[in-house]
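Protein chains in written order, with our numbering: chain A, 17 to 159; chain B, 17 to 159.
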C-alpha cells in the first residue's frame with residue numbers, strides 16, 4: 017500500500033495513559049499552551065520530569081513566566097514522519113506553578129541539571145502537575 | 017566550543033518577519049493553540065498556506081472544530097536539534113474561522129489538496145488569518 021492510498025483510510029488511534037507517560041518521560045522538548053496578553057500562546061521548551069510533573073526553566077519577566085503562574089495550561093509533545101505522513105502526539109492539561117525553596121529541593125536540583133538551551137538566564141522554575149493525559153497516533157502501515 | 021560550553025551563553029535571537037513567513041510557507045506541520053473545555057489545548061495539524069493564511073482540515077464535532085470557530089488562536093511551528101541543543105520557532109496569533117462556499121473557492125480547492133494525515137473524514141476547513149508573527153532561534157555555533 018502506498019502512503020497516498022493509505023491516507024484515504026482512517027488511521028487515528030488512541031495512545032493509552034501508560035504509553036503516553038512513557039513518551040513524556042523519554043522526550044525532551046515540548047510545547048506549552050497557555051494564555052498571555054488575552055490570547056492563546058504556544059512556546060517550545062526543553063523539559064524534564066520530576067516526580068511525575070513536567071519541569072522547565074524560563075526567563076524572569078518573560079511571556080512564559082507571566083503565563084505560567086498558578087494557572088491551568090496544556091503541554092504537548094509530538095513526532096512527525098513526513099515521508100509516511102505518520103506521527104503521534106501526547107497532551108497533558110494541568111496546573112502550572114513557579115517553585116523553589118525548602119520542600120521542593122528535589123525539583124530545584126533537577127532544574128539545575130536541566131540546562132536551558134537558550135542560556136542560563138532562566139531563573140524561573142516552572143512545574144506542571146497534571147492528571148489529565150491523552151495521546152493519539154496516526155499510522156498507515158500494517159501491524 | 018562544545019555544546020555544553022556553548023549553553024552557558026545567551027544565544028536567543030529574533031527571527032524577522034520575512035524569514036518567519038518563509039519558514040511558515042516551507043513547513044507542513046504545526047501546532048494550534050486555543051481554548052477548549054475552559055482550558056488551553058495544543059494540537060498538531062498538517063497545514064498549507066493560502067493567500068497568506070494558514071489552512072488545515074479537521075473532523076466535524078471534534079475539539080479542534082469547536083475550538084476554532086471565529087476566535088483568536090495561536091499557531092506554532094518549530095524545529096529542534098537535540099545534538100547541539102539548537103532550534104527555532106515561529107508563532108503567529110490570528111483569527112480562526114471555518115470556511116467554504118462561493119468566494120472562498122481558492123481556500124477550499126487548496127484544502128482538497130491538503131490531505132489530512134489522519135484520514136479523509138476531516139470536512140471542516142479552518143483558516144487562520146494573521147498579522148502578528150514572531151520567531152526566535154537558538155544557535156550556539158559561530159557564524
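Yeah, the Cβ is synthetic: ideal placement off N, Cα and C, and Gly gets one too.
{"Check": "Taking beta-carbon pairs under 7 Å, can you tell me which members of the region 78 to 99 of chain B lie near chain A?", "Outcome": "88, 89, 90, 92, 94, 96 and 98"}
{"Check": "Does DSSP classify residue 33 (chain A) as helix, strand or coil?", "Outcome": "helix"}
{"Check": "Examine the Cβ distances between the region 123 to 133 of chain B and the region 69 to 80 of chain B and report whether three or more of them are shorter than 8 Å.", "Outcome": "yes"}
{"Check": "From which residue to which residue does the alpha helix (DSSP H) around residue 79 (chain B) run?", "Outcome": "79 to 83"}
{"Check": "Which residue wins for smallest C-alpha separation from residue 156 (chain A), given the options A:107, A:97 and A:38?", "Outcome": "A:97"}
{"Check": "Identify the continuous beta strand (DSSP E) that holds residue 59 (chain B) and give its terminal residues.", "Outcome": "55 to 62"}
{"Check": "Determine whether the Cβ of residue 130 (chain A) lies closer than 8 Å to any Cβ atom of chain B.", "Outcome": "no"}
{"Check": "If you run the structure through DSSP and keep just helix, strand and coil, what is residue 134 (chain A)?", "Outcome": "coil"}
{"Check": "I'd like the list of long-range same chain contacts for residue 43 (chain A), defined as Cβ closer than 7 Å, with 5 residues on each side in sequence excluded.", "Outcome": "93"}
{"Check": "Of all the CB atoms in chain A, is at least one closer than 8 Å to the CB of residue 27 (chain B)?", "Outcome": "yes"}
{"Check": "According to DSSP, which residues form a beta bridge with residue 153 (chain B)?", "Outcome": "B:29 and B:104"}
{"Check": "Report all residues from its chain with a CB closer than 8 Å to the CB of residue 41 (chain A); omit the five preceding and five following residues, and keep chain order.", "Outcome": "65"}
{"Check": "Given this structure, state the Cα-to-Cα distance separating residue 103 (chain A) from residue 80 (chain B), to the nearest angstrom.", "Outcome": "18 Å"}
{"Check": "Which whole-angstrom value describes the C-beta separation of residue 55 (chain B) and residue 109 (chain A), a residue pair presumed to lie in contact below a C-beta threshold of 8 Å?", "Outcome": "5 Å"}
{"Check": "My guess is that residue 105 (chain A) and residue 84 (chain A) are in contact by the Cβ rule of under 8 Å, so how many angstroms apart are they, rounded?", "Outcome": "Rounded, the Cβ-Cβ distance is 21 Å, inconsistent with contact."}
{"Check": "Closer than 7 Å by C-beta to residue 149 (chain A): which residues in its own chain qualify, once you throw out the five before and the five after it? Chain order, please.", "Outcome": "33, 36, 37, 106 and 108"}
{"Check": "Quick check on the DSSP output: the beta strand (DSSP E) that includes residue 49 (chain B) runs from which residue to which?", "Outcome": "45 to 52"}
{"Check": "Where DSSP assigns a beta bridge to residue 113 (chain A), which residues make up the other side?", "Outcome": "A:143"}
{"Check": "Within 10 Å of its beta-carbon, does residue 30 (chain B) have 16 or more other beta-carbons around it, so buried, or fewer, so exposed?", "Outcome": "exposed"}
{"Check": "Determine, using beta carbons only, whether residue 47 (chain B) comes closer than 8 Å to chain A.", "Outcome": "yes"}
{"Check": "Give the secondary structure of residue 67 (chain A) by DSSP, where H, G and I count as helix, E and B as strand, and everything else as coil.", "Outcome": "coil"}
{"Check": "Name the two residues that bound the continuous beta strand (DSSP E) containing residue 99 (chain B).", "Outcome": "Element bounds for residue 99 (chain B): n/a, residue is neither H nor E."}
{"Check": "Within this structure, are the beta carbons of residue 75 (chain A) and residue 142 (chain A) separated by less than 8 Å?", "Outcome": "no"}
{"Check": "Taking 8 Å as the threshold (beta carbon to beta carbon), is residue 57 (chain A) in contact with chain B?", "Outcome": "yes"}
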